[in-house]
Amino acid sequence: MFTLHNGDCLQYMRSMQSESVDCIITDPPYGINIKTGFNGDDKSISYDDGFSVMFFLDEYVKQWNRILKPNSAIYVFTRYDVMPYWWIRMKGCFDMKNCIVWSKGGGGTGDLKGNYIGTHEMILFGAKGRHILSGKRESNVWEYSKCKPDLHPMQKPVDLLSNIIFHSTKEGDVIFDPFSGSGQTGKAALINGRSFIGCEIDERYYRLAQSGLESIEPFTPSNNRLHLTGGTVPAQGDLFTPEDLPSEGKLPAPTPRR
Ligand SMILES: C[S@@+](CC[C@H](N)C(=O)[O-])C[C@H]1O[C@@H](n2cnc3c(N)ncnc32)[C@H](O)[C@@H]1O
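Under this note's numbering, the first residue of the sequence shown is numbered 675, with each subsequent residue one higher.
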């Protein structure tokens, strides 16, 4: 089950009930004015001007805290240069637990001779109250190949999002993504038997997300695709085995790559 809203997430969040979502997974514009000419189309990102999102930061974080159920988790994608702004705001509302490093490989653009290649992004992980993670303990460095941005220039891999979902939600939970872009968080939610609520202000991405989510076949325990799409996570010896499945869950164990 999903609900996708085409509009400003702040307005939408103000209309949401308190303590109504089980997990927030989101990827706000980094505020870096990114512009790519993918397939000749304008693939710029709304409100990525380095000002708009930052202006409302306090209000976003306050709303997230209000709509999250107690003892739930929040994951926010960010980058080294804007991470401090998010961290400081989120720390005022959440128990900030970690900064997961997503090592995504691949090459880079930018200053080819005067800078290092950027091959990681960050995911801020916080909790409202005491949030217990499912599965065995993992390192905070996750290796997932970046996906081909065929829908959105900042498209995130469904297998990485599934790993978050595996650790921080259970079947039937409601996952909210206020900056849902092409709807990758929603896809990961639906294929794993969770419900999804998303907001996207840009009609192009909203439409893509809507049709992508409509095409997901309904979840059944036998087509559960958690971790089956090839991510790599544990880097710490504490690897998953089939016996590690939560007793109430039906999730397959991830296949670790050493
Ligand atoms: C970094 S992208 C998310 C990409 C997404 N993770 C994916 O895999 O496709 C951020 C998205 O937030 C949207 N956005 C920006 N400001 C917004 C707002 N106030 N409300 C809702 N969406 C917004 C942008 O249009 C953009 O698509």
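All residues carry an ideal CB built from backbone N, CA and C; glycine is no exception.
Quick check on the DSSP output: the beta strand (DSSP E) that includes T859 runs from which residue to which? For the purposes of this step, residue 859 is taken as residue 185 along the sequence shown, with counting starting at 1. Element bounds for T859: not the beta strand (DSSP E) but the alpha helix (DSSP H), 858 to 865.
Burial state of R811, where buried means 16 or more other Cβ atoms lie within 10 Å: Position 137 of the sequence shown holds residue 811. Counting C-beta atoms within 10 angstroms of its own C-beta, R811 has fewer than 16 neighbours from the protein chains shown and is therefore classed as exposed.
Where does L684 sit, in a helix, a strand or coil, going by DSSP? By 1-based counting over the sequence shown, the position of residue 684 is 10. Looking at L684 - three-state DSSP - the assignment turns out to be helix.
Indicate the three-state DSSP secondary structure (helix, strand or coil) for V735 in the structure shown. Working through the sequence shown from its first residue, we reach residue 735 at position 61. Of the three classes helix, strand and coil, the one that applies to V735 here is helix, per DSSP.
Inspect the beta-carbon positions of Y759 and M728 and report whether they are closer than 8 Å. Start at 1 with the first residue of the sequence shown, and residue 759 comes out as number 85. Start at 1 with the first residue of the sequence shown, and residue 728 comes out as number 54. Cβ distance < 8 Å, so Y759 and M728 count as in contact.
Given 7 Å as the limit, tell me if H794 has its C-beta closer than that to any heavy atom belonging to ligand 2. Absent from the structure shown: ligand 2. Ligands present: ligand 1.
Would the C-beta of P895 count as close to ligand 1, meaning under 7 Å from any of its heavy atoms? Counting from one through the sequence shown, the residue named residue 895 turns up at place 221. P895 Cβ: outside cutoff for every heavy atom of ligand 1.
How is L657 classed by DSSP in three states: helix, strand or coil? An answer regarding residue 657 cannot be provided, because it is not within the stretch 675 to 932 covered by the chain.
Inter-residue spacing [alpha-carbon to alpha-carbon] between K844 and R868: Along the sequence shown, read from residue 1 onward, the residue named residue 844 stands at position 170. Along the sequence shown, read from residue 1 onward, the residue named residue 868 stands at position 194. Near 7 Å, if we compare the C-alpha coordinates of R868 and K844.
Quick check on Q691: buried or exposed, where buried means 16 or more other Cβ atoms within 10 Å of its Cβ? If you number the sequence shown from 1, residue 691 lands on position 17. With fewer than 16 other Cβ atoms within 10 Å, it is exposed.
Is D755 near ligand 1, going by C-beta to nearest heavy atom under 7 Å? In the sequence shown, counting from the first residue as 1, residue 755 sits at position 81. Incorrect: D755 has no Cβ contact closer than 7 Å to ligand 1.
Could you have a look at L798 and say whether DSSP puts it in helix, strand or coil? Translated into positions along the sequence shown, residue 798 becomes position 124. When DSSP states are grouped into helix, strand and coil, L798 belongs to the strand group.
Among I791, A801, K787, which has the Cα closest to the Cα of C773? Here the question's residue 773 lines up with position 99 in the sequence shown. Per the Cα distances, A801.
Using the rule of at least 16 other Cβ atoms within 10 Å of the residue's Cβ for burial, across every protein chain shown, is L786 buried or exposed? Here residue 786 is taken as the residue at index 112 of the sequence shown, counted from 1. With fewer than 16 other Cβ atoms within 10 Å, it is exposed.
From the DSSP output, in three-state form, read off N745 for me. For the purposes of this step, residue 745 is taken as the residue at position 71 of the sequence shown. In the structure shown, N745 adopts extended strand secondary structure according to DSSP, grouped into three states.
Continuous alpha helix (DSSP H) assignments of at least 4 residues falling wholly in the region 809 to 887: 832 to 842, 858 to 865
Based on DSSP bridge pairs, tell me the residues matched to C773. Numbered from 1 along the sequence shown, position 99 holds the residue referred to as residue 773. C773 pairs with L798.
Quick one: is the Cβ of I838 within less than 7 Å of any heavy atom of ligand 1? Residue mapping note: residue 838 aligns to position 164 of the sequence shown, counting from 1. Outside the cutoff, so no.
Evaluate Y790 with the Cβ neighbour count: other Cβ atoms within 10 Å of its Cβ, from every protein chain shown; 16 or more gives buried, anything less gives exposed. Working through the sequence shown from its first residue, we reach residue 790 at position 116. Exposed, by the Cβ-count rule.
Indicate whether H841 and G872 have their beta-carbon atoms separated by less than 8 Å. Position 167 of the sequence shown, counting from 1, holds the residue named residue 841. Position 198 of the sequence shown, counting from 1, holds the residue named residue 872. No, Cβ-Cβ distance for H841 and G872 is not below 8 Å.
Any heavy atom of ligand 1 inside 7 Å of the beta-carbon of C683? Translated into the one-based positions of the sequence shown, residue 683 becomes position 9. Yes; taking the cut-off as 7 Å, the Cβ of C683 has a heavy atom of ligand 1 nearer than that.
Using 8 Å as the threshold, is the C-beta distance between R745 and E874 below it? As a first step, residue 745 must be located in the sequence shown, where it is residue number 71. As a first step, residue 874 must be located in the sequence shown, where it is residue number 200. According to the sequence displayed, residue 745 carries Asn and not Arg. Cβ atoms of N745 and E874: not closer than 8 Å.
Classification of I806 by the beta-carbon crowding that lies within 10 angstroms, buried from 16 upward: Here residue 806 refers to the residue found at position 132 of the sequence shown. Its Cβ having fewer than 16 others within 10 Å, I806 is exposed.
Can you tell me where the alpha helix (DSSP H) holding I762 begins and where it ends? Indexing the sequence shown from 1 puts residue 762 at position 88. Residues 757 to 765.
Buried or exposed by the 16-neighbour rule on C-beta atoms within 10 Å, applied to I839: Taking the first residue of the sequence shown as position 1, residue 839 is located at position 165. It is buried - the Cβ of I839 has at least 16 other Cβ atoms within 10 Å.
Would the C-beta of F729 count as close to ligand 1, meaning under 7 Å from any of its heavy atoms? As a working mapping, residue 729 is identified with position 55 in the sequence shown. No, Cβ of F729 sits at least 7 Å from all heavy atoms of ligand 1.
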